[in-house]
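Trainee:
Number of protein chains: 2
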Amino acid sequence: MYGLTLVTLAVLVCSSLVNGGKVLVFPLDGSHWVNMNVMIEELHARGHEVTVMRPSDTWYIKEDSPYYKTITISAAGFDKDNFGEYIMETLNMRRHGSSIWTRISIEYDLLKTFYQMTKQGLQTIEEVFEDTKLMQRLHDAKFDLVLTDPATGGGVLLGHRLGLPLVFNVRWTIQGEGHQAIAPSPLSYVPIPTADLTDRMTFIQRVKNFMFYIFTYFQVSYVLDPNYKPFVRRHFGSDVHYMELFQAADIWLMRNDFTFEFPRPTMPNVVYISGFQCKPSKPLPKDLEDFVQSSGEHGVIVMTMGTLVEKLPEDVTEDIAAAFAELPQKVIWRHKGKKPSTLGNNTLILDWLPQNDLLGHPKTRVFVAHGGTNGVQEAIYHGVPLVGLPLLFDQQDNFFRMASRGVAKVLDYGTVNKDIFLEALKEVLYEPSYMEKMKQLSSLHRDQPMKPLDQAMFWIEFVMRHKGAAHLRTESYKMSTIQYFSIDVMAFLLTVFLVAFTVLIAALKFVWMKVFSGSKIKNE
Amino acid sequence: MYGLTLVTLAVLVCSSLVNGGKVLVFPLDGSHWVNMNVMIEELHARGHEVTVMRPSDTWYIKEDSPYYKTITISAAGFDKDNFGEYIMETLNMRRHGSSIWTRISIEYDLLKTFYQMTKQGLQTIEEVFEDTKLMQRLHDAKFDLVLTDPATGGGVLLGHRLGLPLVFNVRWTIQGEGHQAIAPSPLSYVPIPTADLTDRMTFIQRVKNFMFYIFTYFQVSYVLDPNYKPFVRRHFGSDVHYMELFQAADIWLMRNDFTFEFPRPTMPNVVYISGFQCKPSKPLPKDLEDFVQSSGEHGVIVMTMGTLVEKLPEDVTEDIAAAFAELPQKVIWRHKGKKPSTLGNNTLILDWLPQNDLLGHPKTRVFVAHGGTNGVQEAIYHGVPLVGLPLLFDQQDNFFRMASRGVAKVLDYGTVNKDIFLEALKEVLYEPSYMEKMKQLSSLHRDQPMKPLDQAMFWIEFVMRHKGAAHLRTESYKMSTIQYFSIDVMAFLLTVFLVAFTVLIAALKFVWMKVFSGSKIKNE
Chain A
63 MYGLTLVTLA VLVCSSLVNG GKVLVFPLDG SHWVNMNVMI EELHARGHEV
113 TVMRPSDTWY IKEDSPYYKT ITISAAGFDK DNFGEYIMET LNMRRHGSSI
163 WTRISIEYDL LKTFYQMTKQ GLQTIEEVFE DTKLMQRLHD AKFDLVLTDP
213 ATGGGVLLGH RLGLPLVFNV RWTIQGEGHQ AIAPSPLSYV PIPTADLTDR
263 MTFIQRVKNF MFYIFTYFQV SYVLDPNYKP FVRRHFGSDV HYMELFQAAD
313 IWLMRNDFTF EFPRPTMPNV VYISGFQCKP SKPLPKDLED FVQSSGEHGV
363 IVMTMGTLVE KLPEDVTEDI AAAFAELPQK VIWRHKGKKP STLGNNTLIL
413 DWLPQNDLLG HPKTRVFVAH GGTNGVQEAI YHGVPLVGLP LLFDQQDNFF
463 RMASRGVAKV LDYGTVNKDI FLEALKEVLY EPSYMEKMKQ LSSLHRDQPM
513 KPLDQAMFWI EFVMRHKGAA HLRTESYKMS TIQYFSIDVM AFLLTVFLVA
563 FTVLIAALKF VWMKVFSGSK IKNE
Chain B
63 MYGLTLVTLA VLVCSSLVNG GKVLVFPLDG SHWVNMNVMI EELHARGHEV
113 TVMRPSDTWY IKEDSPYYKT ITISAAGFDK DNFGEYIMET LNMRRHGSSI
163 WTRISIEYDL LKTFYQMTKQ GLQTIEEVFE DTKLMQRLHD AKFDLVLTDP
213 ATGGGVLLGH RLGLPLVFNV RWTIQGEGHQ AIAPSPLSYV PIPTADLTDR
263 MTFIQRVKNF MFYIFTYFQV SYVLDPNYKP FVRRHFGSDV HYMELFQAAD
313 IWLMRNDFTF EFPRPTMPNV VYISGFQCKP SKPLPKDLED FVQSSGEHGV
363 IVMTMGTLVE KLPEDVTEDI AAAFAELPQK VIWRHKGKKP STLGNNTLIL
413 DWLPQNDLLG HPKTRVFVAH GGTNGVQEAI YHGVPLVGLP LLFDQQDNFF
463 RMASRGVAKV LDYGTVNKDI FLEALKEVLY EPSYMEKMKQ LSSLHRDQPM
513 KPLDQAMFWI EFVMRHKGAA HLRTESYKMS TIQYFSIDVM AFLLTVFLVA
563 FTVLIAALKF VWMKVFSGSK IKNE
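Listed in order, the protein sequences are those of chains A and B.
If you read the first sequence in my numbering, its first letter stands for residue 63, the second for the next number, and so on.
If you read the second sequence in my numbering, its first letter stands for residue 63, the second for the next number, and so on.
(1) Scan the region 331 to 363 of chain B and note each continuous alpha helix (DSSP H) run of 4 residues or more that stays entirely inside, going in chain order.
(2) Is any beta-carbon of chain A found at less than 8 angstroms from that of Glu440(B)?
(3) What's the gap between the Cα of Val75(B) and the Cα of Cys340(A)?
(4) Checking the sheet assignment: what are the DSSP bridge partners for Glu239(B)?
(5) Measuring alpha carbon to alpha carbon, tell me which residue in Ile549(A), Tyr170(A), Thr536(A), Arg527(A) is nearest Glu329(A).
(6) Can you tell me the Cα-Cα spacing of Glu388(A) and Lys540(B), whole angstroms?
(7) What does Leu555(A) touch in chain B if you count any residue whose Cβ is under 9 angstroms from its own?
(8) Determine the direct distance from the alpha carbon of Gly361(B) to that of Phe353(B), and round the result to whole angstroms.
(9) Alpha carbon to alpha carbon, how far is Val469(A) from Asp211(A)?
(10) Please go through the same chain and pick out, in chain order, the residues whose beta-carbon is closer than 7 angstroms to the beta-carbon of Thr134(B), but skip the five residues on each side of it.
(11) Below 8 angstroms on the Cβ atoms is my contact criterion, and I expect Asn418(B) with Ser343(B) to pass it. Report the Cβ-Cβ distance as a whole number of Å.
(12) Examine chain A for any beta-carbon lying closer than 8 angstroms to the beta-carbon of His528(B), and answer yes or no.
(13) Listed in chain order, which residues of the region 535 to 550 of chain A have Cβ atoms closer than 8 angstroms to some Cβ of chain B?
(14) For Arg326(B), which residues from the same chain have a beta carbon less than 6 angstroms from its beta carbon, with the 5 sequence-adjacent residues on both sides left out?
(15) When burial is assigned at 16 or more other CB atoms within 10 Å of the CB, is Leu566(A) buried or exposed?
(16) Using the Cα positions of Asn231(A) and Ser127(A), report the straight-line distance between them to the nearest angstrom.
(17) Report the rounded CA-to-CA distance for Lys576(A) versus Ala569(A), giving the unit in angstroms.
(18) Does the beta carbon of Leu509(A) sit closer than 8 angstroms to a beta carbon anywhere in chain B?
(19) Could you tell me which uninterrupted beta strand (DSSP E) segments, each at least 3 residues in length, are contained entirely in the region 493 to 541 of chain B, listed from first to last along the chain?
(20) In terms of residues, what are the limits of the beta strand (DSSP E) holding Met316(A)?
(21) For chain A, check one thing: does any of its Cβ atoms lie closer than 8 angstroms to the Cβ of His432(B)?
(22) Could you give the residue range of the beta strand (DSSP E) that holds Phe88(A)?
(23) Let me make sure I understand the geometry here. Which of Ala138(B), Thr557(B), Thr379(B), Val393(B) has the alpha-carbon closest to that of Lys400(B)?
(24) Assuming Tyr129(A) contacts Ile102(A) (C-beta within less than 8 angstroms), just tell me the rounded distance between them.
(25) Can you tell me whether DSSP reads Lys488(A) as helix, strand or coil?
(26) If you count every other CB in all the chains shown that lies within 10 Å of the CB of Gly437(B), and 16 or more means buried, which is it?
(27) Determine whether the beta carbon atoms of Tyr279(B) and Tyr290(B) lie at a separation below 8 angstroms.
(28) Based on Cα-Cα distance, which residue from His423(A), Pro345(A), Arg156(A), Phe455(A) lies nearest to Leu173(A)?
(29) Nearest by alpha-carbon distance to Ser167(A): which of Met179(A), Leu220(A), Glu151(A), Gln439(A) is it?
(30) Got a sec, what are the start and stop residues for the beta strand (DSSP E) Glu169(B) sits in?
(31) I'd like to know if Phe572(A) contacts chain B, where contact means its C-beta is closer than 8 angstroms to some C-beta of that chain.
(32) Residues of chain A with CB closer than 9 angstroms to the CB of Tyr284(B), please, in chain order.
(33) Interface residues of chain A around Asp258(B) at Cβ under 8 angstroms?
(34) Run through the region 431 to 467 of chain A for me and flag every whole beta strand (DSSP E) of 3 or more residues, listed as ranges in chain order.
(35) Would you list the residues sitting across from Thr557(B) in a DSSP beta bridge?
(36) Quick one: which chain B residues come within Cβ less than 9 angstroms of Phe265(A)?
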């Protein structure tokens, strides 16, 4: 009975381990860091100790923080200068044409940028692996798990090297949207991101989706994967693939839910935490509140283009300001750079604005945004319809989802001008269905058994308590494509059937010949 | 702004609608009713009004209850007499041989029984549909939703006839395990129930699984579905299929989780509520507690064969009693019928036993069970390892899952005797891994963000608040198989590719001919 008591004791100790975990965070920079940071602060508040791997060329990750310790490693190649240049160039291209060739050329440039970033990122990890002192320190720290954003592979590789459970804070991975890596994604009703398709497609749309899939597949197989192959072979053995290491993650905290994503298959270890960064709005500073109140019954328009794009070209901002000037609403616009000459009295330009508090303000009628996931999910949380000016990356795709639900009007950055912008604003302001549908979407999003941030914390602590989440995780990724889709089994059964059929026919023929020749002899 | 205020008001009213819903329950009888009843009592406790459709030949559904009203309809054909006969016959067959032919013949009998039950069940629904007074009454009652167990189709059909949202309390459906109907279930790692396979299969096992799938498919298509076809055509139109009505359910409360099921794809509208019927144990009656305590350090064995099988044949009970008699443990055995002559002093026979309180007692070492889902999930909840004597239906399959996790020893009812039974008991009693692994499984099962019963209630009330759960529900089932698997798209793209290739070759040939004949002329 001593054994049993020990077991019971172990289970008890195990269950009570909630506080005092140790988490190693391998973040992605930029807007991805903004929401990872929300998770880190909450982990800290719950008594966990967080250590962040911080690249030397970081945009936002502070070296000293009351919430986490840092280990600074060499540059990740995701720096603001490189990236800023790419962004300005892309925006420029888009303003000068939106043909299919422009799109392909933008895609190509993006791929080239990602390729370079991946290369640089792996170089950084290589240096970490080779730094025996650092590796020893990481080992000795006895972390419970690695929390990472798998849009790049650093955290996955480091986690496996340290033999630690992996938790993902994920929306994108190196091969596209997060689900694609582990959940069955039938191309007949799961649209490939950027294809501008919903879960209900015509035949032609399904053909389009299929071709987008093929494109994505080749992109991953021939452009991004070749970066990882030699690295993984060198460090983990010749029969190991990056994809497997990555698919083995214990919990996927997906920055998504089904007010944003179309309904689709999922997996038991996927937890939806869309909007986990959102919180109720706080009162505005007095001057801003006065400005907002001065809008009267017309309400307020809020506009921001996110953290990545500091300023739009002058011709665009002139048009935007002129459009705003014609409306009776008040406008609060986060804008850096030259003040537009067309600016109206109703428009307040700010360097920075309290976005969450403004979106949660009852006077806010429309949010003009670029379509980053964070902003769109904040709009859903607060129930504010959108006018979209998507610029880069997944922004068009995010807005497509919102437009297909009737809660956003989306504009093409390549062709937007004053009239188009004004018309879009008026449509969302005065066609009540936008607000109605957004309120409905918001009420669906908020009606969950548990707050998304609490869900995230629960599952991170679950992984601490149970040293992973093996029972929720399929290992079907270890199969080849032929095995996974039972192609070998079908071929085998077909062969057996054909052989049996042939033998049967031969036997019947033989019997028939016997009988026939027999009767022939008889007849003779 | 008036419009907007109305919307806001509607959203507020909508969100606050938690209490006071009206639920129409269309249950399945037998053990399925036992757990549906748990849900009904909780709905009642939360202030909802429940009405139960009760067949006149019910086993357990009382006409008068403090928790629900009833509407008695004609016999469902699921009566104890018919079923009892089938069960005794099957058990008899199994005792006299366990060859493949016996198995097939048992399967055939089961199918015949289900076929008859389905026919009778549809007859009952037909009568309900034709009873205009009753239908009017059901319409006028303005129910919020239909809660049903879709192992038979009555609740689905009635729900659609009344135009109400559907919530399933489900483990089995007319075409097998619940997931199969709506979640992708790759045959390469999702074992078909009764195939005795896990999620990790060899090639031969995958072939077996594929063949079980084909068998199930034909069973549903040619034996069960033909019952529904004419009924659905008559009442819902010629282009409607039962499968579609059924796949359109809003929420699937699945009596399952991943301590029981192997990891597999799932859908956003599937909620896992395995063990929702479980609760902490209460103290035992004094005499039973004294008996349990008298076991000292050896502990107690609890045995019951469920509600469906009242008594085992005499030769089996004699062997079981004799085996128990040889152990130092105390035994509490729910047994009806003749007292075995081999009964030991350590064994207490009871007509009924407080199963939950006994399983939760710290002295309980082993649970000898038949493998009904309820009992197995209670064993997981309380962390008691199992010795299994599966008799019918899914019991073998339930135990296979437990055995594959090392928490149960399973016996073949066809061949069990005293020695085999005793050996199995000793193995589970004295090999510590059984208890260890069951405690681990139990701790995983209990470690959830929310109690399963609360989850069930949350999602039922969610459906009340939002009149369904459309955003969580794929409508991909409306596609044909060819569309679903993109076979048409692949055929189209292949054709385009081949035509393009042929044209290219022809063009090259043409050019080459031109050049060649040109040079020929030149040379001449």
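In this text, a Cβ means the ideal position worked out from N, Cα and C, and glycines have one as well.
Predicted model only: the values in this text are computed from it and were never measured.
Mentor: A quick look at the data gives this:
(1) 348 to 355
(2) Residue mapping note: residue 440(B) aligns to position 378 of the second sequence, counting from 1. For Glu440(B), no Cβ of chain A is located within less than 8 angstroms of the residue's own Cβ.
(3) Stepping through the second sequence from its first residue, residue 75(B) is reached at position 13. Stepping through the first sequence from its first residue, residue 340(A) is reached at position 278. Here the model assigns Val75(B) a pLDDT of 42, short of 50, so the residue's position is not dependable, and the following value carries that caveat. Computed Cα separation, rounded: 23 angstroms.
(4) Against the second sequence, residue 239(B) aligns to sequence position 177. Trp234(B).
(5) Numbered from its first residue, the first sequence carries residue 329(A) at position 267. First, the amino acid is wrong: residue 329(A) is Met here, not Glu. Comparing Cα positions, the closest option is Thr536(A).
(6) Walking along the first sequence from the start, residue 388(A) turns up at place 326. Walking along the second sequence from the start, residue 540(B) turns up at place 478. In a straight line, the C-alpha of Glu388(A) is about 47 angstroms away from that of Lys540(B).
(7) Translated into positions along the first sequence, residue 555(A) becomes position 493. Simply Val269, Phe272, Met273, Ile276.
(8) The residue labelled residue 353(B) in the question sits at position 291 within the second sequence. The residue labelled residue 361(B) in the question sits at position 299 within the second sequence. Distance between the alpha carbons of Phe353(B) and Gly361(B) is about 10 angstroms.
(9) By one-based count along the first sequence, residue 469(A) stands at place 407. By one-based count along the first sequence, residue 211(A) stands at place 149. Approximately 29 angstroms between the Cα atoms of the pair.
(10) What you label residue 134(B) is simply residue 72 of the second sequence in a count that begins at 1. Only residues of its own chain outside the window of five on either side were considered, and among them Arg116, Ser118, Glu125 have a CB closer than 7 angstroms to the CB of Thr134(B), listed in chain order.
(11) Walking along the second sequence from the start, residue 418(B) turns up at place 356. Walking along the second sequence from the start, residue 343(B) turns up at place 281. That belief holds up - the Cβ atoms of Asn418(B) and Ser343(B) are roughly 6 angstroms apart, short of 8 angstroms.
(12) Here residue 528(B) refers to the residue found at position 466 of the second sequence. For His528(B), the answer is yes, since a Cβ of chain A falls inside 8 angstroms of its Cβ.
(13) Arg535, Thr536, Glu537, Ser538, Met541, Gln545, Tyr546, Phe547, Ser548, Asp550
(14) As a working mapping, residue 326(B) is identified with position 264 in the second sequence. Here the set comprises Val252.
(15) Sequence index remark: in the first sequence, residue 566(A) carries index 504 (1-based). It counts as exposed.
(16) Walking along the first sequence from the start, residue 231(A) turns up at place 169. Walking along the first sequence from the start, residue 127(A) turns up at place 65. The straight-line gap from Cα to Cα measures roughly 21 angstroms.
(17) Position 514 of the first sequence holds residue 576(A). Position 507 of the first sequence holds residue 569(A). One C-alpha to the other measures close to 10 angstroms.
(18) Working through the first sequence from its first residue, we reach residue 509(A) at position 447. Sequence inspection shows Asp at residue 509(A); the Leu mentioned does not correspond to that position. By this cut-off, Asp509(A) is an interface position.
(19) none
(20) Here residue 316(A) corresponds to residue number 254 of the first sequence, with the count starting at 1. Segment 313 to 316, the beta strand (DSSP E) holding Met316(A).
(21) Taking the first residue of the second sequence as position 1, residue 432(B) is located at position 370. Taking Cβ atoms only, chain A never reaches closer than 8 angstroms to His432(B), which makes this a no.
(22) As a first step, residue 88(A) must be located in the first sequence, where it is residue number 26. Here the beta strand (DSSP E) through Phe88(A) covers 84 to 88.
(23) On the second sequence, position 338 is the one that residue 400(B) refers to. Here the closest residue by C-alpha is Thr379(B).
(24) Numbered from its first residue, the first sequence carries residue 129(A) at position 67. Numbered from its first residue, the first sequence carries residue 102(A) at position 40. Contact flag correct, Cβ pair sits at about 6 angstroms.
(25) On the first sequence, position 426 is the one that residue 488(A) refers to. Reduced to three states, the DSSP call for Lys488(A) is helix.
(26) What you label residue 437(B) is simply residue 375 of the second sequence in a count that begins at 1. Buried is the call here.
(27) For this step, residue 279(B) is matched to residue 217 along the second sequence. For this step, residue 290(B) is matched to residue 228 along the second sequence. Cβ distance not < 8 angstroms, so Tyr279(B) and Tyr290(B) don't count as in contact.
(28) Working through the first sequence from its first residue, we reach residue 173(A) at position 111. Nearest of His423(A), Pro345(A), Arg156(A), Phe455(A) to Leu173(A), Cα basis: Phe455(A).
(29) Translated into the one-based positions of the first sequence, residue 167(A) becomes position 105. Closest by alpha carbon: Glu151(A).
(30) Looking up residue 169(B) in the second sequence gives position 107. No beta strand (DSSP E) contains Glu169(B), which is instead part of the alpha helix (DSSP H) from 162 to 192.
(31) Along the first sequence, one-based indexing puts residue 572(A) at 510. By this cut-off, Phe572(A) is not an interface position.
(32) Working through the second sequence from its first residue, we reach residue 284(B) at position 222. Residues of chain A whose Cβ lies closer than 9 angstroms to the Cβ of Tyr284(B) do not exist; the shortest such Cβ separation is about 19 angstroms.
(33) Residue 258(B) sits at position 196 when you count from the first residue of the second sequence. Going along chain A, no residue has its Cβ under 8 angstroms from Asp258(B), so there is no contact; the nearest lies around 17 angstroms.
(34) 448 to 450
(35) To locate residue 557(B), count along the second sequence from 1; it is residue 495. Note: Thr557(B) sits in no beta bridge, so no partner.
(36) Against the first sequence, residue 265(A) aligns to sequence position 203. Neighbours of Phe265(A) on chain B, chain order: Gln545, Asp550, Val551, Phe554.
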